[in-house]
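Chemist:
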Amino acid sequence: MFHVKICGVTTPEDARLVAAAGADAIGFNFVAGSPRRLDPQAARAVVAAVPMGVLRVGVFAGMSADEIRRVVELTGLDAVQLHGHLAGNGPAVDPPELCTLLAGLPVIRAVRLGADGLAEARQWIAAARGHGIAPAMALVDAAPAPGAAAGSLGGTGAVVDWQAFMAAGPLDLPVALAGGLAPENVATAIRATGVAAVDVASGVESAPGRKDPEKVRAFVAAAHGAGLGGG
């Protein structure tokens with residue numbers, strides 16, 4: 677689906693910056709309570725600034741398939757990332773049947789590396805297959821760091837334990853790694869884990885929702901240099 681995704685873009689200027697830096701996917705956040713959340717109407721201009729050939733991904737949590745489709749149709753998104761909880765242990769739950777209800781839209785499923793490794797993620801993916809359609813990609817994120825806001829669903833800067841991720845075994849899907857990545861560590865993370873893609877939000881920001889041009893360019897260059905995309 678993609679090799680390098682910059683998530684939490686909130687302005688047309690940042691969308692153009694990220695695309696020019698060489699990222700092949702850009703994430704737009706529609707999760708209530710997120711400092712990077714976009715209003716769907718306002719998001720139209722931001723998404724429209726993305727040039728052809730760059731995947732436009734909407735990040736959602738706890739919304740129905742109909743609600744997600746309305747945002748997709750309004751904004752022109754290409755794909756959907758489900759970032760809600762895997763089961764009924766949080767306020768924003770994304771059930772496995774959403775993949776089937778969103779048929780025709782590529783779905784990226786964000787999962788957390790927990791004390792049980794990726795067992796809960798495997799159960800969710802298997803259940804999605806049982807409903808008819810599995811996600812196209814899994815995005816492995818870290819559990820929130822101590823002190824993170826209740827209900828935090830990403831972009832917190834918490835780092836995935838790469839050794840624990842490798843020990844958890846494959847997910848039978850292409851995997852993107854997120855969680856605490858930055859220009860300084862992304863190449864090491866790619867080489868250590870062998871993932872198909874990487875995703876970053878806070879690691880390339882000057883403030884929540886505001887991308888730092890130098891960090892964006894350095895992150896993309898480091899990922900390309902480690903073998904992800906870049907022609």
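Under our numbering, read the sequence shown as residues 677 to 907, first letter to last.
Every residue, glycine too, gets a C-beta built ideally from N, C-alpha and C.
1) One question on the structure: do A691 and V722 come within less than 8 Å of each other, judged by their Cβ atoms?
2) Determine the burial state of A877: buried for a count of at least 16 other Cβ atoms within 10 Å of its Cβ, exposed for fewer.
3) For P688, which residues in the same chain have their Cβ closer than 6 Å to its Cβ, ignoring the five residues on either side in sequence?
4) Taking the C-alpha atoms as reference points, what is the distance between V783 and A755?
5) Taking all protein chains shown into account, decide if A824 is buried (16 or more other Cβ within 10 angstroms of its Cβ) or exposed.
6) Just the C-alpha distance for V730 and V680, rounded to the nearest angstrom, thanks.
7) Would L904 and A873 be called neighbours here (beta carbons separated by less than 8 Å)?
8) Could you check what DSSP says for L794 in three-state terms: helix, strand or coil?
9) Within its chain, find whatever has a CB closer than 6 Å to the CB of R893; leave out the 5 residues flanking it on each side and keep chain order.
10) Can you tell me whether N792 is buried or exposed? The criterion is at least 16 other CB atoms within 10 Å of its CB, across all chains shown.
11) Can you grab the Cα-Cα spacing for the pair F736 / V787, in whole Å?
12) Does DSSP put L853 in a helix, in a strand, or in coil?
13) CB A844 to CB L789, shorter than 8 Å?
Modeler: Let me lay it out:
1) Within the sequence shown, numbered from 1, the residue matching residue 691 stands at position 15. Within the sequence shown, numbered from 1, the residue matching residue 722 stands at position 46. Result yes, Cβ atoms of A691 and V722 sit closer than 8 Å.
2) Residue numbering aside, residue 877 sits at position 201 when the sequence shown is read from its first letter. A877 comes out buried.
3) Counting from 1 along the sequence shown, the entry for residue 688 is found at position 12. If you ignore the 5 residues before and after P688, its C-beta comes within less than 6 Å of the C-beta of A721, V722, A725, all in its own chain and listed in chain order.
4) Walking along the sequence shown from the start, residue 783 turns up at place 107. Walking along the sequence shown from the start, residue 755 turns up at place 79. In a straight line, the C-alpha of V783 is about 6 Å away from that of A755.
5) The residue labelled residue 824 in the question sits at position 148 within the sequence shown. The predicted position of A824 is uncertain, since its pLDDT is 49 and thus under 50; no value can be drawn from it.
6) In the sequence shown, counting from the first residue as 1, residue 730 sits at position 54. In the sequence shown, counting from the first residue as 1, residue 680 sits at position 4. Inter-residue distance for V730 and V680 is about 10 Å (C-alpha atoms, whole angstroms).
7) By one-based count along the sequence shown, residue 904 stands at place 228. By one-based count along the sequence shown, residue 873 stands at place 197. Cβ distance < 8 Å, so L904 and A873 count as in contact.
8) Within the sequence shown, residue 794 is the residue found at index 118, counting from 1. Residue state, collapsed to three classes: coil.
9) Working through the sequence shown from its first residue, we reach residue 893 at position 217. Only A697 meet the Cβ criterion.
10) Working through the sequence shown from its first residue, we reach residue 792 at position 116. Correcting the residue type first, residue 792 is Asp in the shown sequence and not Asn. Exposed is the call here.
11) The count along the sequence shown starts at 1 and reaches residue 736 at position 60. The count along the sequence shown starts at 1 and reaches residue 787 at position 111. Approximately 13 Å between the Cα atoms of the pair.
12) Taking the sequence shown and counting its residues from 1, the one referred to as residue 853 is at position 177. In the structure shown, L853 sits in a strand (DSSP, three-state: E or B).
13) Within the sequence shown, the letter at position 168 stands for residue 844. Within the sequence shown, the letter at position 113 stands for residue 789. The answer is yes: Cβ separation under 8 Å.
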